[in-house]
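Residue numbers (my numbering): 159 to 243.
We treat Cβ as the ideally placed atom computed from N, Cα and C, and that holds for glycine.
In what follows, a structure is listed as C-alpha cells, so that the remarks can point back to it.
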C-alpha cells in the first residue's frame with residue numbers, strides 16, 4: 159500500500175520537459191532548432207524533417223520520443239529557415 163502511494167507521488171512530481179525553440183546560424187544560414195536536452199544523455203537523436211521541412215510540425219513527436227527514451231537522450235530537430243522563405 160505505502161509503495162503504491164510512493165509510486166503515485168513520484169509520477170505526480172515528475173515534470174514533463176518541453177521543447178525549447180531557438181534560431182542559430184549554421185555556416186552563415188539561419189537555422190531553426192527545436193530541442194530537449196537530457197540532464198545526463200547517453201546518446202543524441204537528431205531529426206531533420208523532409209518536405210516541407212517545417213521542424214515545428216514535429217514538436218509533439220520530439221516530446222514523445224524524449225519521454226519514450228526515458229529522458230536518457232537529448233532530442234534535437236532542425237531545419238534551414240532560408241528553405242522556407
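Under the DSSP assignment, residue 219 falls in the alpha helix (DSSP H) whose first and last residues are 217 to 226. Distance from the Cα of residue 211 is smallest, within the candidate group 230, 183 and 236, for 236. Shown here, residue 213 sits in a helix according to DSSP, grouped into three states. Within the same chain, 193 and 204 come within 6 Å of residue 234 by CB-CB distance, once the 5 residues on both sides are set aside.
Residue pairing of residue 174 in beta bridges, as defined by DSSP: absent, with no partner found.
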